[in-house]
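Here the sequence shown stands for residues -17 to 238, numbered as in the numbering used here. Glycine is no exception: its CB is placed at the ideal position from the N, C-alpha and C atoms. To start, the structure under review is shown below, and the notes come after it.
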Amino acid sequence: MGHWFQQNIVEPGKLPLLLALSAFVLTFAVTRMITRMIRAGKGPFRNVTPGGVHVHHVVPGVVLSVVGGFGAVASGQQGVAAGILAVVFGVGAGLVLDEFALILHLDDVYWTEEGRQSVEVVVLTASLVLLVLAGFSPLGVDELTGEQQQNRLGVTLTYVFNFGLVLISLFKGKARMAVLGTLVPFVALIGAVRLARPASLWARRFYRRRHRARARAVLRAYHHDVRWVGPRRRFQDLIGGAPDRAPLPPGPDRGP
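Written out as structure tokens, the structure reads:
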């Protein structure tokens, strides 16, 4: 185990990345635990509200990310300083992405349905970093042989082809597959050849007069959502906490 760690993590200079990922995941887990305790009114933790202003944890997260990021660039990839700054950056990134939905919507949606986007972004980010640690390179250049990597034209064509697959997947409304496809081109290829999501730019542009393709896209999206939305929501609730239920609309039996 020690030999593997030295050969695959330390020697390639991936130790700071591993430390940053560990700090990122641990910070997210601890933060979610604390916020769930605050929500339930348990434990010693409370919201920070100096002067009546709720200071979200994204604020110290931004500061730590800036300090850790700039410090890591200045210190290089080796040494104790690089490891410490990687941890600082990982903690900051964990705090920031835990409130990604707040940044996206410019509203406190932490415990709402929109707040699930924070959990999804955190999981996607951790997955991408794990792929990089496992040896995957952006847009699949790691799949080229040594001779191909020396050929600039081959590398350029590989980048262009794989980037095209990523763009097609994105335009087809498959953002998750597009992001993962930057590291695993086969994922982008699947997203590029399959039918687009009904509301995507691709569907609006190319399925406008292809009624059969549009109907198949709607049917496939429906079956996909029925199959996967439930498990995905349960997974998000497990690691991030269930959002608040939306209030029922007024009715004759519920009063005004």
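With contacts defined by Cβ atoms closer than 7 Å, L1 and G65 form a contacting pair. The straight-line gap separating the alpha-carbon atoms of K154 and Y204 is approximately 15 Å.
If you draw a straight line from the Cα of E102 to the Cα of L152, it is about 17 Å long. With contacts defined as CB atoms closer than 7 Å, A157 and G163 fail to qualify as a contacting pair.
Exposed is the label assigned to E95, since fewer than 16 other Cβ atoms lie within 10 Å of its Cβ. In the DSSP assignment, W184 falls within the unbroken alpha helix (DSSP H) covering L183 to F188.
Residues L77, V78, D80, E81, L84 and I85 of the same chain have their beta carbon placed closer than 8 Å to that of V40, with the five preceding and five following residues left out of the count. Boundaries of the alpha helix (DSSP H) around I20: L(-3) to A22. DSSP, read as helix, strand or coil, puts H38 in coil.
Assigned with DSSP and collapsed to three states, N29 falls in coil, not helix or strand. The straight-line gap separating the alpha-carbon atoms of R198 and I172 is approximately 17 Å. Boundaries for E(-7): no alpha helix (DSSP H) harbours it, and the DSSP string shows neither H nor E there. Apart from sequence neighbours up to five positions away, the residues of its chain that approach L3 with a beta-carbon distance below 6 Å are V111, ordered along the chain. For A197, the enclosing alpha helix (DSSP H) stretches over residues H193 to G222. For H36, the closest C-alpha among the options R21, F118 and D90 is that of D90.
In the displayed model, G117 falls within coil according to three-state DSSP, outside both helix and strand. Scanning its chain for C-beta atoms nearer than 6 Å, with the 5 sequence neighbours on each side dropped, one finds around A195 the residues Y189, in chain order. Contact between V114 and L165 holds, since their C-beta atoms are separated by about 7 Å, short of 8 Å. Out of H38, W184 and G23, the CA that lies nearest to the CA of G74 is found in H38.
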